[in-house]
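Using the working numbering, the letters of the sequence shown correspond one by one to residues 8 to 214.
Even glycine gets a Cβ: it sits at the ideal position worked out from N, Cα and C.
Inspection log for the structure reproduced underneath, given as structure tokens.
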Amino acid sequence: MIHSRILKIILVFSILINIILTFQLAIIYRDMAAKFRHDIIEPLCTETLGVKGRIHGLLIDIRNGNDVDATYKLGTLKKNVENLRYLYSSISYWTGKDMKLWWSISDCFHYMLDVIDKIKSKLVEGKVSDREIKFLERIANIVAELYDSTYNYVLGPPEDSIFIGRNKIVNCSYVEVVNYTPPKISEAAEKFQEILKEGLELFSSSN
Numbered sequence: 008m009i010h011s012r013i014l015k016i017i018l019v020f021s022i023l024i025n026i027i028l029t030f031q032l033a034i035i036y037r038d039m040a041a042k043f044r045h046d047i048i049e050p051l052c053t054e055t056l057g058v059k060g061r062i063h064g065l066l067i068d069i070r071n072g073n074d075v076d077a078t079y080k081l082g083t084l085k086k087n088v089e090n091l092r093y094l095y096s097s098i099s100y101w102t103g104k105d106m107k108l109w110w111s112i113s114d115c116f117h118y119m120l121d122v123i124d125k126i127k128s129k130l131v132e133g134k135v136s137d138r139e140i141k142f143l144e145r146i147a148n149i150v151a152e153l154y155d156s157t158y159n160y161v162l163g164p165p166e167d168s169i170f171i172g173r174n175k176i177v178n179c180s181y182v183e184v185v186n187y188t189p190p191k192i193s194e195a196a197e198k199f200q201e202i203l204k205e206g207l208e209l210f211s212s213s214n
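And the structure:
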């Protein structure tokens with residue numbers, strides 16, 4: 008009888024301990040998710056919008072022949088890209104997985120810095136072509152898609168269903184894509200790599 012009571016007490020305490028531990032883990036997960044949003048996702052959103060907005064403004068300046076303002080925007084764009092490079096390299100430490108994926112994306116932003124330098128040289132020479140303008144549009148659009156894919160992959164679909172990549176830059180104007188769905192993160196990363204490779208070849212061949 009006493010033995011049975013002891014077993015029941017142990018069972019009750021085990022259940023209580025499991026409940027407490029589960030509750031504590033839920034709090035820890037919630038706090039980590041909140042910190043991840045604050046330290047990574049929110050800055051990622053800000054810098055992505057910065058890249059998209061500055062490229063859009065840059066394209067308008069180039070079209071209007073305003074090379075001075077365009078050159079200034081390239082400088083601020085470079086800072087946005089540097090920040091994105093750091094943020095994407097930091098994601099693997101938060102998620103604890105797919106380190107190769109996040110570092111490959113970070114490397115893409117490193118190559119994007121090289122492209123920005125080449126664009127700056129073109130602006131100084133006044134030789135930015137239509138093909139190079141189209142390339143800039145593609146870069147702005149894929150960086151936005153990359154953010155949407157990252158949000159989906161790490162945190163799940165946003166509650167408000169608002170995606171940065173929904174509005175594409177086409178012919179220097181914003182065009183909304185109906186029924187837009189972000190690509191898988193691996194697909195977005197691969198597309199980013201392909202676009203940058205084409206861009207580096209484009210600017211090298213046009214020197």
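Inset, instruction - Using 10 angstroms around the beta-carbon of Ser21, count the other beta-carbons present and answer buried if the total reaches 16, otherwise exposed. - result: exposed
Legend entry - Whole-angstrom distance between Lys141 and Ser96, CA atom to CA atom: 28 Å
Inset, instruction - Identify which residue in Thr157, Lys85, Arg61 and Val58 has its Cα closest to the Cα of Asp124. - result: Lys85
Inset, instruction - Could you tell me which of Ile48, Asp137, Ile24 and Arg12 sits nearest to Ile67, measuring between CA atoms? - result: Asp137
Inset, instruction - Could you tell me whether the Cβ atoms of Glu54 and Leu108 are closer together than 8 Å? - result: no
Inset, instruction - Would you mind giving the Cβ-Cβ distance between Asn148 and Gly163, rounded to the nearest angstrom? I have them listed as a contact below 8 Å. - result: The pair is not a contact, with the Cβ atoms about 23 Å apart (cut-off 8 Å).
Inset, instruction - Look at the alpha carbon of Lys104 and the alpha carbon of Ile146, and state the distance between them as a whole number of angstroms. - result: 26 Å
Legend entry - Val182 - DSSP class collapsed to helix/strand/coil: strand
Legend entry - beta strand (DSSP E) segment containing Lys175, residue limits: Asn174 to Val177
Legend entry - Classification of Gly206 by the beta-carbon crowding that lies within 10 angstroms, buried from 16 upward: buried
Legend entry - Residue from Gly64, Ile16 and Phe170 with nearest C-alpha to Asn178: Gly64
Legend entry - Test: Asp76 CB closer than 8 Å to a CB of chain B: This model lacks chain B altogether; it includes just one protein chain.
Inset, instruction - Using a threshold of 8 Å, state whether the C-beta atoms of Leu81 and Lys129 are closer than that. - result: no
Legend entry - Integer Cβ distance of Tyr160 from Ile192, believed to fall under 8 Å: 4 Å
Legend entry - Arg44 - containing alpha helix (DSSP H), residue span: No alpha helix (DSSP H) holds Arg44; DSSP gives it neither H nor E.
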